[in-house]
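Asks:
Set out below in structure tokens:
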């Protein structure tokens with residue numbers, strides 16, 4: 009059979025509904041017409057193949073949300089089918105998916121919650137944590153090793169695992185962490201949200217605790233969760249996560265910074281080398297800080313005083329928000345964004 013290619017868009021591309029989409033491709037000699045179908049039944053149009061073997065078809069806009077199978081069918085003279093190929097695309101609502109998550113977070117009960125001794129979180133904190141959770145939720149669905157480590161079942165080791173240390177509090181709230189997966193991941197992020205408020209009042213740029221003497225590159229704490237570089241030794245995935253974010257440090261700071269004031273001393277970093285870079289990244293890339301702390305909580309819970317003293321709050325309101333985030337991600341097929 010002759011070769012027929014869809015060159016653009018690529019597999020798993022994301023498109024907003026009701027907006028025109030142009031499909032292009034190439035064919036072998038002999039094919040004169042290409043027809044496009046969605047989900048093997050809805051015609052999207054047809055077009056003539058040019059002399060150089062290229063073809064192009066523009067569709068006015070999809071109305072059904074979700075994953076769509078797009079099939080290109082090539083016909084030779086006489087309308088005889090000669091080749092076909094398929095890709096999958098994701099059609100989402102015309103409003104940007106992240107905007108939907110941010111909107112839901114902004115209007116959530118946890119965004120108005122008064123944290124003990126901390127008050128209401130900065131506007132960007134709850135929004136940012138909702139978006140980070142969406143990202144990690146997608147990673148878990150893709151069997152990402154970082155997300156799988158976060159989402160593992162309660163290990164029962166209360167010396168190392170914060171979920172084991174907090175087991176009674178989770179039980180009291182009906183939050184089961186005995187099975188690896190989405191629920192355990194979500195409950196970990198509920199605890200993480202509480203820890204961030206306790207450690208930094210939700211400020212991504214929080215510098216080290218100046219009442220402490222931790223001023224080396226290894227021990228200086230930084231960021232939302234006041235984590236230090238030496239925590240990396242608790243699990244082999246943590247240095248890998250650090251290097252990955254160093255190479256691509258997109259961390260949603262534009263979301264987290266809303267409502268936060270960062271004095272110059274907060275941006276000060278200590279020591280030299282990778283430890284100093286860790287401090288900078290923890291403050292400038294909140295998504296990194298959250299993912300690093302999430303893995304750390306499962307393996308080195310004693311790193312955080314508020315965890316040891318059970319001071320980080322577990323709020324059902326945070327769990328409710330993160331469940332809404334999951335629904336939005338699934339309904340709008342947002343995993344292609346991350």
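In our numbering, the protein residues as written are 9 to 346. The beta carbon of each residue, even a glycine, is placed where N, CA and C say it ideally should be. Bear in mind that the values here come from a model prediction, so they are computed numbers and not experimental data.
#1: Just tell me which of 187, 35, 316, 259 has its CA closest to the CA of residue 199.
#2: Tell me whether residue 82 sits in a helix, a strand or coil according to DSSP, three-state version.
#3: Between the Cα of residue 181 and the Cα atoms of 321, 68, 247, 223, which residue gives the shortest distance?
#4: Does residue 19 pass the burial test, meaning 16 or more other C-beta atoms within 10 Å, or should it be called exposed?
#5: Between the Cα of residue 242 and the Cα atoms of 256, 217, 301, 265, which residue gives the shortest distance?
#6: According to DSSP, is residue 90 helix, strand or coil?
#7: Of the choices 67, 90, 15, whose alpha-carbon is the least far from that of residue 41?
#8: Can you list, in chain order, the residues of its chain with a C-beta nearer than 6 Å to that of residue 308? Leave out the 5 residues immediately preceding and following it.
#9: Going by Cα to Cα distance, which pick from 16, 32, 25 is closest to residue 64?
#10: Would you check if the distance between the CB atom of residue 303 and the CB atom of residue 132 is smaller than 8 Å?
#11: For residue 83, which option in 76, 93, 100 has the closest C-alpha, if you only look at C-alpha atoms?
#12: For residue 192, report the span of its beta strand (DSSP E) as first-last.
#13: Output needed for residue 324: all residues of its chain with C-beta closer than 7 Å, excluding positions within five of it in sequence on either side, in chain order.
#14: Pairs of beta-carbons, one from the segment 176 to 194 and one from the segment 106 to 113, closer than 8 Å: are there three or more?
#15: Which stretch, first to last residue, makes up the beta strand (DSSP E) that contains residue 50?
#16: For residue 222, which of helix, strand or coil comes out of DSSP?
#17: Quick one, which of 170, 214, 158, 205 has its alpha-carbon nearest residue 189's?
#18: So within the segment 93 to 181, which uninterrupted alpha helix (DSSP H) runs reach at least 4 residues, ignoring any that extend past its ends?
#19: Can the beta-carbon of residue 139 be found closer than 8 Å to that of residue 299?
#20: For residue 237, which residues in the same chain have their Cβ closer than 8 Å to its Cβ, ignoring the five residues on either side in sequence?
#21: Figure out for me which residue from 80, 305, 59, 150 has the closest Cα to the Cα of residue 204.
#22: Where do the N-terminal and C-terminal ends of the beta strand (DSSP E) with residue 44 fall, by residue?
#23: Any idea which residues DSSP pairs residue 317 with across the strands?
#24: Would you please state the rounded distance, in angstroms, between the beta carbons of residue 261 and residue 297? I believe it to be under 8 Å.
#25: So for residue 290, helix, strand or coil by DSSP?
#26: Looking at residue 39: is its Cβ nearer than 8 Å to the Cβ of residue 57?
#27: Which term fits residue 280, buried or exposed, when burial requires 16 or more other beta carbons within 10 angstroms of its beta carbon?
#28: Suppose the cutoff is 6 Å on Cβ atoms and the five residues either side in sequence are ignored; what does the same chain contact list for residue 266 look like?
#29: Going by DSSP, what residue range makes up the alpha helix (DSSP H) through residue 65?
#30: Whole angstroms is fine: what's the gap from residue 278's alpha carbon to residue 74's?
#31: Using 10 angstroms around the beta-carbon of residue 147, count the other beta-carbons present and answer buried if the total reaches 16, otherwise exposed.
#32: Leaving aside the five residues before and after residue 43 along the sequence, list all residues of the same chain whose C-beta is less than 6 Å from its C-beta, in chain order.
#33: Please state if the CB of residue 62 and the CB of residue 28 are separated by a distance shorter than 8 Å.
#34: Please go through the same chain and pick out, in chain order, the residues whose beta-carbon is closer than 7 Å to the beta-carbon of residue 222, but skip the five residues on each side of it.
Replies: Checking against the coordinates, here is how it stands:
#1: The count along the chain shown starts at 1 and reaches residue 199 at position 191. Comparing Cα-Cα distances from residue 199 to each of 187, 35, 316, 259, the minimum goes to 316.
#2: Indexing the chain shown from 1 puts residue 82 at position 74. Looking at residue 82 - three-state DSSP - the assignment turns out to be strand.
#3: In the chain shown, counting from the first residue as 1, residue 181 sits at position 173. Checking every option, the nearest Cα to that of residue 181 belongs to 321.
#4: Walking along the chain shown from the start, residue 19 turns up at place 11. So residue 19 ends up on the exposed side.
#5: Here residue 242 refers to the residue found at position 234 when the chain shown is read from its first residue. Among 256, 217, 301, 265, the Cα nearest to that of residue 242 belongs to 301.
#6: Reading the chain shown from its first residue, position 82 is the one you call residue 90. Here residue 90 sits in strand by DSSP.
#7: Within the chain shown, residue 41 is the residue found at index 33, counting from 1. Out of 67, 90, 15, 90 has the C-alpha closest to the C-alpha of residue 41.
#8: Translated into the one-based positions of the chain shown, residue 308 becomes position 300. Within the same chain, residue 308 has close Cβ partners 239, 242.
#9: Locating residue 64 in the chain shown gives position 56, counting from the first residue. Nearest option by C-alpha distance: 32.
#10: As a first step, residue 303 is located in the chain shown; it is residue number 295 there, counting from the start. As a first step, residue 132 is located in the chain shown; it is residue number 124 there, counting from the start. Not closer than 8 Å, so no.
#11: Numbered from its first residue, the chain shown carries residue 83 at position 75. Selected option, being the one with the closest Cα: 93.
#12: Within the chain shown, the letter at position 184 stands for residue 192. Unbroken run through residue 192 is the alpha helix (DSSP H), 190 to 208; no beta strand (DSSP E).
#13: Numbered from its first residue, the chain shown carries residue 324 at position 316. Short of 7 Å from the beta carbon of residue 324, and not among the five residues preceding or following it, lie these beta carbons of its own chain, in chain order: 181.
#14: Too few Cβ pairs lie closer than 8 Å, so no.
#15: Here the question's residue 50 lines up with position 42 in the chain shown. Looking at the DSSP string, the run of the beta strand (DSSP E) that includes residue 50 is 50 to 56.
#16: The residue given as residue 222 occupies position 214 in the chain shown. Three-state result, residue 222: coil.
#17: Counted from its first residue, the chain shown places residue 189 at position 181. Closest option to residue 189, Cα to Cα, is 158.
#18: Segments of the alpha helix (DSSP H) lying fully in the segment 93 to 181: 105 to 114, 131 to 149, 153 to 158, 170 to 173, 175 to 180.
#19: Numbered from 1 along the chain shown, position 131 holds the residue referred to as residue 139. Numbered from 1 along the chain shown, position 291 holds the residue referred to as residue 299. In this structure, the beta-carbon distance from residue 139 to residue 299 does not fall below 8 Å.
#20: Counted from its first residue, the chain shown places residue 237 at position 229. So the list reads 225, 226, 227, 228, 282, 283, 286, 287, once near-sequence residues are dropped.
#21: Taking the first residue of the chain shown as 1, we reach residue 204 at position 196. Among 80, 305, 59, 150, the Cα nearest to that of residue 204 belongs to 305.
#22: For the purposes of this step, residue 44 is taken as residue 36 along the chain shown, with counting starting at 1. Residue 44 -> beta strand (DSSP E) spans 41 to 46.
#23: The residue given as residue 317 occupies position 309 in the chain shown. In the DSSP output, where bridge partners are listed per residue, residue 317 has none listed.
#24: In the chain shown, the residue the question calls residue 261 occupies position 253. In the chain shown, the residue the question calls residue 297 occupies position 289. Actually they are not in contact, since the Cβ atoms of residue 261 and residue 297 sit about 10 Å apart, beyond 8 Å.
#25: On the chain shown, position 282 is the one that residue 290 refers to. In the structure shown, residue 290 sits in a helix (DSSP, three-state: H, G or I).
#26: Walking along the chain shown from the start, residue 39 turns up at place 31. Walking along the chain shown from the start, residue 57 turns up at place 49. Yes. Within cutoff.
#27: Mapped onto the chain shown, residue 280 falls at position 272. Result: exposed.
#28: In the chain shown, the residue the question calls residue 266 occupies position 258. The answer, listed in chain order, is 131, 132.
#29: As a position in the chain shown, residue 65 is number 57, starting the count at 1. Careful: residue 65 lies outside any alpha helix (DSSP H), inside the beta strand (DSSP E) at 62 to 67.
#30: Within the chain shown, numbered from 1, the residue matching residue 278 stands at position 270. Within the chain shown, numbered from 1, the residue matching residue 74 stands at position 66. Linking residue 278 to residue 74 through their CA atoms gives a straight-line distance of about 48 Å.
#31: Translated into the one-based positions of the chain shown, residue 147 becomes position 139. Residue 147 comes out buried.
#32: Translated into positions along the chain shown, residue 43 becomes position 35. Same-chain partners within the cutoff: 54, 81.
#33: Within the chain shown, numbered from 1, the residue matching residue 28 stands at position 20. Within the chain shown, numbered from 1, the residue matching residue 62 stands at position 54. No, they are not a contact pair.
#34: Indexing the chain shown from 1 puts residue 222 at position 214. Only 216, 228, 229, 236 meet the Cβ criterion.
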